[in-house]
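Chemist: Before we start, here is the structure in question, set down as structure tokens.
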Amino acid sequence: MTDPSSTSESHYFASNPPPPTLPQHTAQANAFVKHHHTHSRRVVLLTSGGTTVPLENQTVRFIDNFSAGTRGATSAEYFISQGYAVIFLHRQFSLLPFSRHYSHSTNCFLDFLSEWGRIGEGEDGEGEDGGEGNAGGAATPDVVVKAKYRREMLSVLRKYRKAKEQKLLLLLPFTTVTSYLFTLRAIACEMRCLGNEALFYLAAAVSDFFVPPDRMAEHKIQSGEVPDITTSTTAVGSAGGGKKLVIDLDPVPKFLKRLVEQWAPEAMIVSFKLETDPALLLKKCNQSLERYAHHLVIGNILATRKYEVLFVEEGSAQWVRLQTTTNASSSGGSSEEVEIESMIVPEVIKRHEKMLLKKAAASTAI
Ligand code: 9Z3
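Sequence positions in the sequence shown follow my numbering and run 448 to 813.
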């Protein structure tokens with residue numbers, strides 16, 4: 448009998464246009480995977496940020512999924528520090544590993560800098576050059592990092608350089624849920640050659656609904672015009688005399704099971720589950736575990752996601768928590784703050800290693 452999820456998957460990929468970037472991203476992933484495979488390095492495909500659901504082909508309006516990309520960008524750094532090569536499939540313009548320390552933050556990146564040689568400015572009470580500059584002023588002043596930020600920036604810079612030199616990070620962007628799914632499938636297939644050395648860490652916030660192409664408006668939906676009856680996303684009259692936008696979305700087929708069964712059958716799959724109601728979290732995580740046969744589901748609540756997560760595996764559920772909620776910020780803070788990803792990633796790696804040992808033992812026993 449045909450598996451209905453397989454039929455809806457085939458229909459989805461046949462009826463939605465692939466992103467124009469797909470061939471290029473697939474080739475990049477192919478070269479990256481080959482390179483690290485020959486160096487016997489483990490590879491993690493890490494997804495990050497929210498997907499969009501466009502309402503028009505020439506998109507002016509779209510529905511978005513919540514995610515700044517903090518979980519993904521932060522986790523990527525910890526995977527790299529543990530020797531993994533990272534394919535970072537992320538929402539375009541969301542946070543990126545390393546640069547996240549200085550982008551999207553409350554400080555503009557220019558606030559981290561000063562002119563070398565100028566005295567008396569800067570918030571740290573020192574000369575902008577930290578007291579080491581040329582008081583006379585150079586003819587053409589240099590731009591330097593303010594003294595109070597130097598230590599932390601040097602540490603980030605060194606990790607970033609090492610990642611670049613060893614080619615440990617591949618950045619691949621997506622925007623829509625469709626481009627996310629096409630790219631995820633293509634990369635997963637490229638990673639098959641890695642067998643169980645491959646890890647999937649699915650932290651992106653993926654929409655469950657979308658507008659199918661046959662019901663998608665081509666142009667910007669006009670509030671003042673009589674709607675085309677064949678479009679699902681239409682403006683209709685409201686009691687107030689204005690127009691209401693009525694949006695009719697189809698469910699996105701459940702791909703996560705396909706990932707395990709067909710796209711990357713030997714890899715370890717870790718997915719995140721986001722809820723807002725704490726009473727539902729464990730139940731929903733268990734449901735995901737059962738429905739998608741992933742190895743680990745990490746549950747988190749929107750409001751507390753930066754300081755506690757729930758690890759759910761077959762037969763067990765365990766909280767991973769930061770010591771205090773005052774350590775909760777994982778962006779824009781000082782290097783002293785503990786990030787929960789520094790606890791999540793080693794726990795995930797521990798499980799990946801256990802799985803590798805188990806498979807190695809099973810194959811030698813044969
Ligand atoms: C997560 O649950 C992530 O941890 C967050 C991270 C999106 C909460 P931020 O980027 O937030 O640090 O601001 N990701 C998975 C969300 C999701 O859509 N999961 C699906 C679901 O819950 C399953 S793949 O149904």
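C-beta atoms are modelled at their ideal positions from N, C-alpha and C, and glycine is treated no differently.
1. Please find out if some non-hydrogen atom of ligand 1 comes closer than 8 Å to the beta-carbon of residue 722.
2. As a quick exercise: from 790, 757, 753 and 659, pick the residue whose alpha carbon is nearest that of residue 815.
3. Hey, would you say residue 803 sits closer than 9 Å to residue 643, going by beta carbons?
4. Would the region 700-712 count as touching the region 725-734 if we require 3 or more Cβ pairs under 8 Å?
5. Are the beta-carbon atoms belonging to residue 754 and residue 738 less than 9 Å from one another?
6. Less than 9 Å between the C-beta atoms of residue 501 and residue 523, yes or no?
7. Just how far apart, CA to CA, sit residue 667 and residue 530?
8. Could you check where the alpha helix (DSSP H) with residue 519 kicks off and where it finishes?
9. Between which two residues does the alpha helix (DSSP H) holding residue 626 run?
10. Between residue 717 and residue 648, which are expected to be in contact by the criterion C-beta below 8 Å, what is the C-beta distance as a whole number of angstroms?
11. Leaving out five residues on either side along the sequence, give the residues of the same chain with a beta carbon under 8 Å from the beta carbon of residue 479.
12. Could you check how far apart the C-beta atoms of residue 761 and residue 746 are, in whole angstroms? I think they sit under 8 Å.
13. Nearer than 8 Å: is that true of the beta carbon of residue 543 relative to any heavy atom of ligand 1?
14. Taking residue 696 as the reference, give the member of 503, 749 and 475 with the closest Cα.
15. Where does residue 648 fall in DSSP's three states?
16. Does the distance from the C-beta atom of residue 736 to that of residue 759 stay below 9 Å?
17. What whole-angstrom Cβ distance do residue 656 and residue 625 have, given they're in contact under 8 Å?
18. Assuming residue 653 and residue 498 form a contact by the criterion Cβ under 8 Å, report the distance between their Cβ atoms to the nearest whole angstrom.
19. With three or more beta-carbon pairs closer than 8 Å as the criterion, would you say the region 504-524 touches the region 536-543?
20. Do you know how far the Cα of residue 634 is from the Cα of residue 475?
21. Please indicate yes or no: does the CB of residue 750 lie closer than 8 Å to some heavy atom of ligand 1?
22. According to the neighbour-count rule (16 or more other Cβ atoms, all chains shown, within 10 Å of its Cβ), is residue 632 buried or exposed?
23. Under 8 Å: does the beta carbon of residue 655 sit that close to some heavy atom of ligand 1?
24. Per DSSP, what are the beta-bridge partners of residue 697 in this structure?
25. Under 8 Å from any heavy atom of ligand 1, does the C-beta of residue 477 make it?
26. So does residue 497 have its beta carbon nearer than 8 Å to some heavy atom of ligand 1?
27. Between which two residues does the beta strand (DSSP E) carrying residue 720 extend?
28. Can residue 553 be considered in contact with ligand 1, in the sense that its beta carbon sits closer than 8 Å to one or more heavy atoms?
29. Can you check whether the CB of residue 494 is closer than 9 Å to the CB of residue 788?
30. From what residue to what residue does the alpha helix (DSSP H) around residue 479 run?
31. Any heavy atom of ligand 1 inside 8 Å of the beta-carbon of residue 731?
32. Quick one: does the C-beta of residue 468 sit closer than 8 Å to a heavy atom of ligand 1?
33. Using C-beta distances below 7 Å, list every residue in its chain close to residue 637, excluding the 5 sequence neighbours before and after it, in chain order.
34. On the DSSP bridge assignment, give the partners of residue 592 in chain order.
35. What span of residues does the alpha helix (DSSP H) with residue 492 cover, start to end?
Modeler: A quick look at the data gives this:
1. What you label residue 722 is simply residue 275 of the sequence shown in a count that begins at 1. Yes.
2. Because the chain here runs from 448 to 813, residue 815 falls outside it and cannot be looked at.
3. Within the sequence shown, the letter at position 356 stands for residue 803. Within the sequence shown, the letter at position 196 stands for residue 643. Yes, they are a contact pair.
4. no
5. Position 307 of the sequence shown, counted from the first residue, corresponds to residue 754. Position 291 of the sequence shown, counted from the first residue, corresponds to residue 738. No, they are not a contact pair.
6. Taking the sequence shown and counting its residues from 1, the one referred to as residue 501 is at position 54. Taking the sequence shown and counting its residues from 1, the one referred to as residue 523 is at position 76. No; because the gap between Cβ atoms is not below 9 Å, this pair is not in contact.
7. Numbered from 1 along the sequence shown, position 220 holds the residue referred to as residue 667. Numbered from 1 along the sequence shown, position 83 holds the residue referred to as residue 530. Cα to Cα, the separation comes out at about 47 Å.
8. Sequence index remark: in the sequence shown, residue 519 carries index 72 (1-based). Where residue 519 is concerned, the enclosing alpha helix (DSSP H) stretches over 517-528.
9. Reading the sequence shown from its first residue, position 179 is the one you call residue 626. That run of the alpha helix (DSSP H) goes 624-637.
10. Looking up residue 717 in the sequence shown gives position 270. Looking up residue 648 in the sequence shown gives position 201. Indeed, because the Cβ distance is near 5 Å, the residues count as touching under 8 Å.
11. Along the sequence shown, one-based indexing puts residue 479 at 32. So the qualifying residues of the chain are 490, 532, 534, 614 and 617.
12. For the purposes of this step, residue 761 is taken as the residue at position 314 of the sequence shown. For the purposes of this step, residue 746 is taken as the residue at position 299 of the sequence shown. Contact doesn't hold; Cβ gap of about 15 Å is too wide.
13. As a working note, residue 543 is residue 96 in the sequence shown. Every heavy atom of ligand 1 is 8 Å or more from the Cβ of residue 543, so no.
14. Start at 1 with the first residue of the sequence shown, and residue 696 comes out as number 249. The shortest C-alpha separation from residue 696 is found at 503.
15. Locating residue 648 in the sequence shown gives position 201, counting from the first residue. Here residue 648 sits in strand by DSSP.
16. As a first step, residue 736 must be located in the sequence shown, where it is residue number 289. As a first step, residue 759 must be located in the sequence shown, where it is residue number 312. Yes, the Cβ-Cβ distance between residue 736 and residue 759 is below 9 Å.
17. Numbered from its first residue, the sequence shown carries residue 656 at position 209. Numbered from its first residue, the sequence shown carries residue 625 at position 178. So it is not a contact: roughly 12 Å between Cβ atoms.
18. Numbered from 1 along the sequence shown, position 206 holds the residue referred to as residue 653. Numbered from 1 along the sequence shown, position 51 holds the residue referred to as residue 498. Contact holds; Cβ gap of about 5 Å.
19. yes
20. Here the question's residue 475 lines up with position 28 in the sequence shown. Here the question's residue 634 lines up with position 187 in the sequence shown. The straight-line gap from Cα to Cα measures roughly 9 Å.
21. Translated into positions along the sequence shown, residue 750 becomes position 303. Result no, Cβ not under 8 Å from ligand 1.
22. Along the sequence shown, read from residue 1 onward, the residue named residue 632 stands at position 185. Per the 10 Å Cβ criterion, buried.
23. Translated into positions along the sequence shown, residue 655 becomes position 208. Correct: residue 655 has its Cβ closer than 8 Å to ligand 1.
24. For the purposes of this step, residue 697 is taken as the residue at position 250 of the sequence shown. DSSP lists 657 as partners of residue 697.
25. Translated into positions along the sequence shown, residue 477 becomes position 30. Not so, every heavy atom of ligand 1 lies at least 8 Å from the Cβ.
26. Taking the first residue of the sequence shown as 1, we reach residue 497 at position 50. Because some heavy atom of ligand 1 lies under 8 Å away, the Cβ of residue 497 counts as near it: yes.
27. Working through the sequence shown from its first residue, we reach residue 720 at position 273. From DSSP, the beta strand (DSSP E) with residue 720 extends over 715-722.
28. As a working mapping, residue 553 is identified with position 106 in the sequence shown. Checking every heavy atom of ligand 1 against the Cβ of residue 553, none is found closer than 8 Å.
29. In the sequence shown, the residue the question calls residue 788 occupies position 341. In the sequence shown, the residue the question calls residue 494 occupies position 47. No, the Cβ-Cβ distance between residue 788 and residue 494 is not below 9 Å.
30. Your numbering for residue 479 matches position 32 in the sequence shown. Here the alpha helix (DSSP H) through residue 479 covers 469-485.
31. To locate residue 731, count along the sequence shown from 1; it is residue 284. For ligand 1, at least one heavy atom lies less than 8 Å from the Cβ of residue 731.
32. If you number the sequence shown from 1, residue 468 lands on position 21. Checking the Cβ of residue 468 against ligand 1 gives no.
33. As a position in the sequence shown, residue 637 is number 190, starting the count at 1. If we look at residue 637 and ignore the five residues flanking it on each side, its Cβ neighbours are 473, 476, 477 and 480.
34. Numbered from 1 along the sequence shown, position 145 holds the residue referred to as residue 592. Answer by DSSP bridge pairing, in chain order: 560.
35. As a first step, residue 492 must be located in the sequence shown, where it is residue number 45. Element bounds for residue 492: not the alpha helix (DSSP H) but the beta strand (DSSP E), 490-495.
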